[in-house]
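Numbering (the numbering used here), first residue to last: 17 to 278. Backbone N, C-alpha and C fix where the C-beta goes; we use that ideal spot for every residue, glycine too. Inspection log for the structure reproduced underneath, given as structure tokens.
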């Protein structure tokens, strides 16, 4: 491996360039598809970083991505969802920080995958109860789970989809709510003594390129049909949910031997 750049462990110039490029394209996907961008980026970063560095660095980058996207699309944010979601997120982060190393992720991933499938394809589930109460519980669940499994945007997205009259409302509101999730996670990680300050140059570069991706995605979204957006969203959500279920089954030892080779 070439010499580290800016003193960052495991990061040379090529890796920094590659991750910055990946950040651009995954941010674009996150806007145009309404989901999956952060999860794809997480998978790419997992090839390089150990979990103790991966989750905090990814969280900071996604916070920057969300801030940029929400600013660009602020007029489309469903603002009534934010306060109840924030209250739930604070409680969820507090509870999650207490159990950060105590819960296995296998069962959580499987349950989350099944739940996402139900909410995506059975609309009534995503609209049950009053909207403010629904988003309060969602804020708690998304942030609590975010301390263990990095698929919280995938959990939030189907609920926002049911509440959004327009694809731009969806993209903007998911971004705004994920700002709240990532902000509370950053505070929780700080309280746990997690330090990633040495990776500031990488995080800054990834945030800059991601917001370029946000801008291109925003323009593309304006020219995209509502039906095409909804179909792409449902297909991606289904794929991500099935992936979570598969990973949970594989790690839990529930797959036959031949299936673990795929």
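In the structure shown, the three-state DSSP call for residue 101 is helix.
Straight-line measurement puts the Cα of residue 239 at about 28 Å from the Cα of residue 168. Residue state for residue 222 is assigned as helix, using DSSP reduced to three classes. Assigned with DSSP and collapsed to three states, residue 206 falls in helix.
Fewer than three Cβ pairs drawn from the segment 60-72 and the segment 234-250 lie within less than 8 Å of each other, which leaves the two stretches out of contact. Within a 10 Å sphere around the beta-carbon of residue 39 sit 16 or more other beta-carbons, which makes this residue buried.
Of the residues 47, 49, 189, 269, the one whose Cα lies closest to the Cα of residue 93 is 189. Rounded to whole angstroms, the separation of the alpha carbons of residue 29 and residue 234 is 29 Å. For the set 254, 198, 36, the Cα lying nearest the Cα of residue 162 is the one of 198.
Distances from the alpha-carbon of residue 82 to those of 217, 44, 67 put 44 closest.
Between residue 237 and residue 187, the C-beta gap is smaller than 8 Å, which places the two residues in contact. With contacts defined as CB atoms closer than 8 Å, residue 54 and residue 46 qualify as a contacting pair. Secondary structure at residue 239: coil, using DSSP grouped into helix, strand and coil.
Collapsing the DSSP output to three states places residue 28 in coil. Scanning its chain for C-beta atoms nearer than 6 Å, with the 5 sequence neighbours on each side dropped, one finds around residue 76 the residues 219, in chain order.
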